[in-house]
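Trainee:
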Amino acid sequence: MTSNSFQLGGTGFGNDKPPSTGSGEGDFSNDPASNSFFNENFKRHEDLKAMLDGNKDNLKLDAMKRIIGMVAKGKDASDLFPAVVKNVVSKNLEVKKLVYVYLTRYAEEQQDLALLSISTFQRALKDPNQLIRASALRVLSSIRVLMISPIMMLAIKEAVMDMSPYVRKTAAHAIPKLYSLDPESKEQLVEVIEKLLADKTTLVAGSAIQAFEEVCPERIDLIHKNFRKLCNLLVDVEEWGQVVIVGMMTRYARTQFVSPNQDGTGEESKNFYESEEDEDEKKDEEDNEKDPKKKPYMMDPDHRLLLRQAKPLLNSRNASVVMSVAQLYYHCAPRSEVGVVAKALIRLLRGHKEVQYIVLSNIATMTVARKDMFEPFLKSFYVRSSDPTHIKLLKLEILTSLATETNISIILRELQTYVTSTDKEFAAATIQAIGRCASNIAEVTDTCLNGLVHLMSNRDESVVAESVVVIKKLLQMQSSEHKDIITHMAKMADQITVPMARASILWLIGEYSERVPKIAPDVLRKMAKTFINEEDIVKLQILNLAAKLCITNSKQTRLLCQYIFNLAKYDQNYDIRDRSRFLRQLIMPAEKGPLAKHAKKILLATKPAPLLQSKFEDRDVYQLGTLSHILNNRATGYKDLPEWPEEAPDASVRNVELPVPEVKGKTERKKPTKEKGFYSETESSSEDEDSDEESDDSEEEDEEEESEEDSGEESDSEESEESEEESEESDVPQKNIVTKKTAKVVKSESEEEEEESSEEESSSEESEEEKQPPPKAKPGKKKTTKATETASQNNADLLLDLDLFGSTNGVTSGGGTPGDILTPSMASAMSNLSISSTQSGSPSNFVQPMNIALKSYELLNRMTGNGLGITYKFTRTISVFSPKMVSIELTLTNHGDKPLSAIKIGKKTLQPGMEIQDFPEIASLGTGASTSVLMAINFNDTTQPAKFAICTLEQTFNVSITAPVGELLQPHTMGLQDFNQQQGKLKGMTENTGKVKLPENKTDSKSIVTSVITVANMLQVPSSETDTVYRFAAKTMTEGVLVLVSVAVDGESANITVNCEKMVIGTMLLKDLKSLLGQS
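Structure, rendered in structure tokens:
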């Protein structure tokens, strides 16, 4: 302790402690004989701890800034953890943010102390500020203790349903952390990931895919329904999210689509550059003719959608995004379209050296297979003097791969200048590149050989050595034509000192000794003199040369060969000793063995010519842009790119039947107009024929249905044709509305009479009938006249009918989601709401809808509003603005003594995710006058108030509307079996139960149903008559989260169960239900 305190010295012998710099290191510029040596109570960072323990927020903020600065510099600040964690409850937002940044860094190291504050983190998950909620979740997921994994799971599940996309994004980041901590929680995490994948927010999409890739990449079925949505969101997602999504989509495309380069298109570029004979092309054409079963390739529309949506990302400023799109096109696009990525990749070469290296590595792999992509950009790969060596080598590799008969002269001229480079490694690589060009392009082989021979007189030994090595490889390909080169190299054997070059010369002389019979023995003689001083690689080649010459020229070299073998027998290197023993027994055996007879065949066998190819030739086995591709070695966690399937999997799995929400109100208004045209005068058939030409696709889809029902047609041919055209046209926008099938089924007279009588009912019944797709409907003359009379209604009347139905029954006319409109299940459930006395089906406990008095709330008091009084009520009807909005009716009354003008909505102060649709401006409101207007608010499934201003020409009044939790719901139709199944899934924390004592006047079924519908905008689920459990279903307006309520009556008490994933909604709804059911 004393030695440590000595280093933390202060400024003198006084009792005052010096201020800490916050770095935890001594201030060595001060007097070493500081007070810290004598003060036993002095501790490190004591001033920071004092500031954090104080009551002043500005001191705490200053301390936290200094601490975060220490952390950013990599200095240890872990001993401040207890002092920092206490400030997690600070009311100052800036302090709290910095505290969470610190805790995220040290929570894993200080697990015990972090666990003591876990209740604080849980409370912070409910904080109104989204940044605090997200920070709390981030800290909670950073505590790597298996014991708290259930708490983390609950926090993640709640955060996934949060209104803030930033919090949902943080939840997605926490999922892989929890999975690595507790792999057994995978099933629950997959369910959470499925919800995140369905999120339509661009901020969440990338993080959700990252969680998917780390937890369950094999669950490709989770991507099917979200594929098109992800493609459309791709342009707007953050940059790193785009990288993750494109990477995942590449693997998805390789498993779900067929190869776009079928039918031999993969060899197209090869044929072009290798100049294969026309006879081969004719054979290919004949093969295709012999195989008539081969269908022409048609690209899947989803495959095309992916490529089309990814293409704009090539203009991204982020190099990683461009690289990910490039690898997508390389691995998944047709060969004719891959070229679009070339220009984008060339643009990246202007970036940092690190980026250049990665991009050039990938380009080098691309050029091996598709050199035509980058040939127009040849000059972009010229080497600059400022380039580092590793960049120069990659550019050289690419230039060599791009070499063709047309541009070889340009490339060789460029390579000629590179040979003189002062960078020896680069110069040697250039000579190798020249050798590759010579081996690949026969026209320039002689030119390159002559140039390499000239380089052998270069002053630089490394250049000479590399030239010799390359010449040796080239001579192996055509040795008979270049005897003079071998002679010239043999003469230079004494001058060249680089071991590899000397070994290459000796190998050449030994291999082709018959062409230089006079020179070879003399070279062996010289080498025997210097054998002891040579490098090991040279000694091995001297032994080989001696053995070969002993076989071909035994008279001159036998004694010399024995001498060299004796020298090698006692060499320090065991490889050389072993080689000498082997060759001695092979060439000069004591006893003639079977091997000695074949010594010449063994040593002088024709050697295959070396294959000079690119280092990137075999890297295409790895996916472009991956670490494994750069290292040319399989990295941990790398997954091979799947092969293309032979047959495309079912494409219908990506179909999602989710109509656009705004169509909901329009659909109900348009449907009668379509029926009017269906049953109205025949003159409309000419218009229908014109429109049919534009909807050929829908007609083809419906041909099967027509053929099935042709046997049932009894109407005349003209009416039949008109009805077919009309129903086909109506099928294009909506498949669930009246189909041709229903228009052709024969109907009895009694059924027609029942339909006529039902059409004469009230307007609410009429709108209800419109919602039920009639199972059997045949256009008759009587029906035509009825429809003609109905055609006089305008759209406003139809809208009024729908609203009237909703306001009368206290239930919205639609189901919980747009997809529920006019589905068979909806029709069967709505049949119970018929007011007619004859009800079909078995008896049930379903209570007929009754009039629910809509509660009125005061928005602006006449006193505070200077005569303007405003009340509002929730209409419980479908909003004409958006199905996600709550429809609200405002009643404005002028109680003052002068008219009011220009009444409108002014400034809005809304929580994130909320929005307000204004009512039309009221030009004038006279004294004593009253008017009603409609507005709509999207509360984003929260009970937070929507604050806004009501403005007149002279004044502004600030008001707010808070929606009761029951008004945030819209009825949802479901059967009893479906209800029980969904309720079984929503258990645990998503279930809220309570018991209430019922007053005597509320024990009957009508009172219970009335009470529930009064509290919440729900729809009763029909069940058997003897069932004492009343069930209700709804969905939240914005996110469509299912809300289930069941009231089990037991004598004078009732057990209420509310199931909802949004726990806040479930808790508040249970409280409201208990309050109303318990009132006498």
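Residue numbers (the working numbering): 1 to 1080. Quick reminder that beta carbons are idealized off the backbone N, C-alpha and C, glycines included.
From Ile1013 to Lys884, what does the alpha carbon distance come to, in whole angstroms?
Mentor: If I take the Cα positions, the gap works out to 20 Å.
Trainee: Cβ atoms of Val996 and Asn938: under 9 Å apart, would you say?
Mentor: Taking 9 Å as the Cβ cut-off, Asn938 and Val996 do not qualify as a contacting pair.
Trainee: Can you name, in chain order, every residue of its own chain whose Cβ lies under 8 Å from the Cβ of Ser78, other than the five neighbours on each side?
Mentor: So the list reads Tyr106, Glu109, Gln110, once near-sequence residues are dropped.
Trainee: Extract the residue ranges of the alpha helix (DSSP H) inside the region 940-1013, only unbroken runs of 4 or more that lie entirely within it.
Mentor: Correct list: 976-985.
Trainee: With three or more beta-carbon pairs closer than 8 Å as the criterion, would you say the region 604-614 touches the region 564-576?
Mentor: The region 604-614, when compared against the region 564-576, does not touch it at the 8 Å Cβ threshold.
Trainee: Where does Lys539 land, buried or exposed, given buried means 16+ other C-beta within 10 angstroms?
Mentor: Flag for Lys539 reads buried.
Trainee: Express the C-alpha separation of Val1049 and Ser1005 in angstroms, rounding to a whole number.
Mentor: Near 9 Å, if we compare the C-alpha coordinates of Val1049 and Ser1005.
Trainee: Keeping to the same chain, check which residues put their C-beta closer than 6 Å to that of Met489; ignore five residues upstream and five downstream.
Mentor: Closer than 6 Å at Cβ, skipping near neighbours: Ile505.
Trainee: Can the beta-carbon of Asp941 be found closer than 9 Å to that of Thr1036?
Mentor: Yes, these two residues count as a Cβ contact at 9 Å.
Trainee: For Glu1061, which residues in the same chain have their Cβ closer than 7 Å to its Cβ, ignoring the five residues on either side in sequence?
Mentor: Excluding sequence neighbours, Glu1061 sits near Met161, Leu986, Thr990, Val1041.
Trainee: Answer with buried or exposed for Leu859, where buried requires no fewer than 16 other C-beta atoms within 10 angstroms of its C-beta.
Mentor: Classification for Leu859: buried.
Trainee: Can you tell me whether Arg105 is helix, strand or coil according to DSSP?
Mentor: Correct three-state label for Arg105: helix.
Trainee: Straight-line CA distance for Ile564 to Cys550?
Mentor: Those two C-alpha atoms are separated by around 11 Å.
Trainee: Please name the residue or residues paired with Val1047 in a DSSP beta bridge.
Mentor: Val1047 is bridged to Tyr1030, Ile1056.
Trainee: When you compare the CB of Gln416 with every CB in chain C, is at least one pair closer than 9 Å?
Mentor: Considering every chain present, this structure includes no chain C. It has just one protein chain.
Trainee: Inspect the beta-carbon positions of Arg133 and Ser164 and report whether they are closer than 9 Å.
Mentor: The answer is yes: Cβ separation under 9 Å.
Trainee: Bridge partners for Lys1035 per DSSP, in chain order?
Mentor: Answer is Gln970, Leu1042, bridged to Lys1035.
Trainee: What does a CB cutoff of less than 6 Å around Gly1066 pick up in its chain, not counting 5 residues either side in sequence?
Mentor: The answer, listed in chain order, is Asn992, Val1058, Cys1060.
Trainee: How about Thr877 and Tyr857: are their beta carbons less than 9 Å apart?
Mentor: Not closer than 9 Å, so no.
Trainee: Return the chain-ordered list of same chain residues with a C-beta closer than 7 Å to the C-beta of Glu1052, the five sequence neighbours on each side being excluded.
Mentor: Hits under 7 Å: Lys997, Leu998, Thr1003.
Trainee: Assess contact between the region 185-198 and the region 956-967, defined as three or more Cβ pairs (one per stretch) separated by less than 8 Å. Is contact present?
Mentor: No, because fewer than three Cβ pairs between the region 185-198 and the region 956-967 fall closer than 8 Å, the two stretches do not touch.
Trainee: On a Cα-Cα basis, can you pick out the residue from Leu953, Ala923, Ile961 that is closest to Leu890?
Mentor: When each option's Cα is compared against that of Leu890, the closest is Ile961.
Trainee: Would you mind sorting Glu158 into buried or exposed? The rule is 16 or more other CB atoms within 10 Å of its CB.
Mentor: When all chains shown are included, Glu158 counts as buried.
Trainee: Mind checking Phe582: buried by the 16 CB within 10 Å criterion, or exposed?
Mentor: That one is exposed.
Trainee: Starting from Ala936, follow its DSSP beta bridges and name the residues at the other end.
Mentor: Per DSSP, Ser887, Gln917.
Trainee: Taking only three categories from DSSP, how would you classify Ile496?
Mentor: The answer is coil: DSSP assigns Ile496 none of H, G, I, E or B.
Trainee: Go ahead and pull the three-state DSSP assignment for Leu1076.
Mentor: Three-state result, Leu1076: helix.
Trainee: According to DSSP, simplified to helix, strand and coil, what is Asn362?
Mentor: In the structure shown, Asn362 sits in a helix (DSSP, three-state: H, G or I).
Trainee: Which residues bound the beta strand (DSSP E) around Thr909?
Mentor: From DSSP, the beta strand (DSSP E) with Thr909 extends over 900-909.
Trainee: Near Lys536, which residues of its chain fall below 6 Å by C-beta distance, leaving aside the five closest residues on each side in sequence?
Mentor: In the sequence under discussion, the amino acid at residue 536 is Asp, which differs from the Lys named in the question. Answer for Asp536: Asn573, listed in chain order.
Trainee: In whole angstroms, what separates the C-alpha of Leu925 from that of Phe919?
Mentor: Those two C-alpha atoms are separated by around 15 Å.
Trainee: Judging by CA-CA distance, which residue of Gly54, Leu203, Val84 is the nearest neighbour of Ile68?
Mentor: Checking every option, the nearest Cα to that of Ile68 belongs to Val84.
Trainee: According to the neighbour-count rule (16 or more other Cβ atoms, all chains shown, within 10 Å of its Cβ), is Leu868 buried or exposed?
Mentor: Classification for Leu868: buried.
Trainee: Starting from the Cα of Lys855, find the closest Cα among Val847, Phe874, Asn861, Arg862 and give me that residue.
Mentor: Nearest C-alpha to Lys855: Phe874.
Trainee: If I follow the unbroken alpha helix (DSSP H) through Gly451, where does it start and stop?
Mentor: 445-455 is the span of the alpha helix (DSSP H), which, as asked, contains Gly451.
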